Amino acid sequence: MVMGSRRFLSKGLKYANFTPTNFKLKRALVVTKLSRYEFEQLRHPELSREQLEQKLRDRGTDVDMVLYLHNLHKDFEKRVVQSFQDVGCEVKLASRLEFRSSLSKDVMRWADLIVPVGGDGTFLLSAGRASPLFALSQQKTPIVGFNSDPLHSEGRLMLPKHYSDNPADAVARIKSGDFKWMHRSRVRTTFLGNNGKIPESTDLFRHTEVKMEQVTTKPELLEKDMARKYKAKMKRVLPYLALNEVFIGEHLSARVSHLQLVLDHQDLINKTKCSGLCVSTGTGSTSWHTSINRITSRYVEDLLRSLPNSSLPEVAKLLENTEEIAQQYNRNLLFAPDDPRLCYSVREQICVGVWPMPKTFKERDFVQSVFVKSHCLDANLVIDGSIMYPFNDGAKALLEVHPEDALLTIALD
Numbered sequence: 000m001v002m003g004s005r006r007f008l009s010k011g012l013k014y015a016n017f018t019p020t021n022f023k024l025k026r027a028l029v030v031t032k033l034s035r036y037e038f039e040q041l042r043h044p045e046l047s048r049e050q051l052e053q054k055l056r057d058r059g060t061d062v063d064m065v066l067y068l069h070n071l072h073k074d075f076e077k078r079v080v081q082s083f084q085d086v087g088c089e090v091k092l093a094s095r096l097e098f099r100s101s102l103s104k105d106v107m108r109w110a111d112l113i114v115p116v117g118g119d120g121t122f123l124l125s126a127g128r129a130s131p132l133f134a135l136s137q138q139k140t141p142i143v144g145f146n147s148d149p150l151h152s153e154g155r156l157m158l159p160k161h162y163s164d165n166p167a168d169a170v171a172r173i174k175s176g177d178f179k180w181m182h183r184s185r186v187r188t189t190f191l192g193n194n195g196k197i198p199e200s201t202d203l204f205r206h207t208e209v210k211m212e213q214v215t216t217k218p219e220l221l222e223k224d225m226a227r228k229y230k231a232k233m234k235r236v237l238p239y240l241a242l243n244e245v246f247i248g249e250h251l252s253a254r255v256s257h258l259q260l261v262l263d264h265q266d267l268i269n270k271t272k273c274s275g276l277c278v279s280t281g282t283g284s285t286s287w288h289t290s291i292n293r294i295t296s297r298y299v300e301d302l303l304r305s306l307p308n309s310s311l312p313e314v315a316k317l318l319e320n321t322e323e324i325a326q327q328y329n330r331n332l333l334f335a336p337d338d339p340r341l342c343y344s345v346r347e348q349i350c351v352g353v354w355p356m357p358k359t360f361k362e363r364d365f366v367q368s369v370f371v372k373s374h375c376l377d378a379n380l381v382i383d384g385s386i387m388y389p390f391n392d393g394a395k396a397l398l399e400v401h402p403e404d405a406l407l408t409i410a411l412d
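What follows is the structure in structure tokens.
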């Protein structure tokens with residue numbers, strides 16, 4: 000069996016065949032966020048503007064702030080569109096809801112550049128549709144994002160915040176080619192089974208069940224060694240790639256998730272009971288991955304005070320720098336967006352009695368691939384917190400990184 004790590008012989012060469020050499024900006028697709036006010040309008044289409052605002056006030060919502068943020072985003076959106084038009088670029092505008100429709104594939108083929116305007120959620124949606132597995136062809140449509148409200152949104156996936164003050168500067172640099180290409184690794188999810196079928200997905204953004212896209216991957220026969228190892232006959236690659244992470248766990252968070260993991264196609268089966276599994280990319284290492292694994296200065300302080308020699312001067316000096324120690328630890332959790340590795344994190348792993356099995360199983364580590372088998376009652380596999388698939392007892396999935404799946408983005412500064 001070919002080990003996943005053999006694909007990555009040279010980090011400098013792994014994206015060589017996936018970078019445009021003749022990029023010309025003529026057509027831009029601007030994908031705009033759904034503001035809180037627009038979301039409420041969709042929830043209550045039967046209400047007039049006055050009735051909706053009164054309903055929100057009765058709920059205790061600060062309507063003036065909701066409207067202020069809505070108008071702030073809309074004004075910035077117009078500035079971004081105008082900036083592209085000023086450099087002779089044709090622009091099409093699509094909301095997050097429109098971009099989720101099947102029409103997005105046609106618009107993707109039209110666009111030279113996808114421009115999410117809003118926050119990281121809008122960027123993740125755009126990235127999901129800029130997938131070579133999702134589109135009809137293997138074309139790479141690059142993405143560059145603008146943070147419409149840097150005062151209230153971190154926007155780690157977007158351009159630096161100073162371009163929110165003057166988006167025209169960023170557009171001029173992109174038009175002139177004054178930028179660098181950046182590849183962000185993504186997780187490919189492959190379902191393994193005996194019939195090649197996969198369940199319908201649920202769109203968590205709309206909270207409604209949606210069918211698989213018409214253009215999707217076909218079931219394939221598993222190679223003999225894979226079929227024997229994982230006791231399956233067919234494989235089916237999902238058309239959605241995870242830019243941040245794939246999460247697997249029970250739908251009810253209070254219920255224990257029972258999972259089996261095989262790391263890097265080894266012969267060892269690791270069994271765990273936990274609060275779920277998060278498999279993250281370098282891009283996602285700044286997000287849920289860090290939230291799961293970060294420590295606080297209080298944690299460092301408690302750890303140091305628990306030492307038998309906590310009264311020694313050396314320990315006392317460390318106790319004066321607990322915040323710095325915690326911050327350094329948390330910074331070390333991050334890894335590069337183009338890193339070909341995955342990092343899995345087992346949330347709140349049960350470490351009592353026989354669990355985990357074996358006892359040497361690490362609750363977090365870097366890998367090239369993760370095979371997961373579910374022994375859960377009502378679990379889900381969730382891609383970037385948005386697309387959810389049932390993943391109950393007996394379900395099997397293989398999570399990997401392939402260079403050709405990387406998201407092509409533009410970096411300034």
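The numbering of the sequence shown is numbering that gives the first Met the number 0, which starts it at 0 and goes up by one. Glycine residues also receive a C-beta, built at the ideal position from the N, C-alpha and C atoms. No experiment lies behind these values; they were computed from the predicted model shown.
Coil, strand or helix - residue i by DSSP
i       : result
Glu-399 : strand
Ser-200 : strand
Trp-180 : strand
Phe-17  : helix
Tyr-388 : strand
Phe-190 : strand
Phe-38  : helix
Ala-226 : helix
Thr-282 : helix
Residue i versus residue j - alpha carbon distance
i       : j       : result
Ser-344 : Asp-263 : 15 Å
Gln-84  : Ile-173 : 13 Å
Asn-193 : Ala-325 : 47 Å
Gln-259 : Thr-280 : 21 Å
Glu-222 : Gln-348 : 33 Å
Cys-342 : Lys-139 : 25 Å
Tyr-298 : Thr-321 : 9 Å
Thr-31  : Leu-317 : 47 Å
Asn-391 : Ala-315 : 50 Å
Leu-220 : Gly-393 : 19 Å
Gly-120 : Val-381 : 15 Å
His-374 : Lys-395 : 10 Å
Residue i and residue j closer than 8 Å at C-beta
i       : j       : result
Leu-407 : His-182 : yes
Leu-240 : Asp-111 : no
Thr-282 : Asn-329 : no
Ile-197 : Phe-204 : no
Leu-28  : Val-143 : no
Ser-125 : Asp-337 : no
Lys-149 : Val-79  : In the sequence as displayed, the identity of residue 149 is Pro instead of Lys. No, the pair does not count as a contact, with Cβ atoms beyond the cut-off.
Arg-363 : Ser-274 : no
Val-116 : Glu-89  : no
Alpha helix (DSSP H) segment containing residue i, residue limits
i       : result
Arg-346 : Arg-346 -> no alpha helix (DSSP H), and no H or E assigned at all.
Leu-51  : 48-58
Leu-33  : Premise fails: Leu-33 is in no alpha helix (DSSP H) and is neither H nor E.
Asn-269 : No alpha helix (DSSP H) holds Asn-269; the beta strand (DSSP E) holding it covers 269-273.
Enclosing beta strand (DSSP E) for residue i [first to last residue]
i       : result
Leu-380 : 378-382
Ser-256 : 256-262
Val-80  : Val-80 -> not in any beta strand (DSSP E); alpha helix (DSSP H) instead, spanning 62-85.
Arg-185 : Neither: Arg-185 is in no beta strand (DSSP E) and is coded neither H nor E.
Thr-408 : 406-410
Ser-373 : 368-373
Gly-248 : 244-249
Lys-234 : 233-236
Lys-217 : It is not in any beta strand (DSSP E) - Lys-217 carries neither H nor E in the DSSP assignment.
Ser-94  : 89-94
- Curious, which full-length alpha helix (DSSP H) runs of at least 4 residues does the stretch 284-366 contain? The stretch 284-366 contains these whole alpha helix (DSSP H) runs: 287-292, 296-304, 312-318, 321-330.
- Message: My parser needs the alpha helix (DSSP H) runs of 4 or more residues fully inside the stretch 113-174; what are they?
- Response: 119-128, 161-164, all fully within the stretch 113-174.
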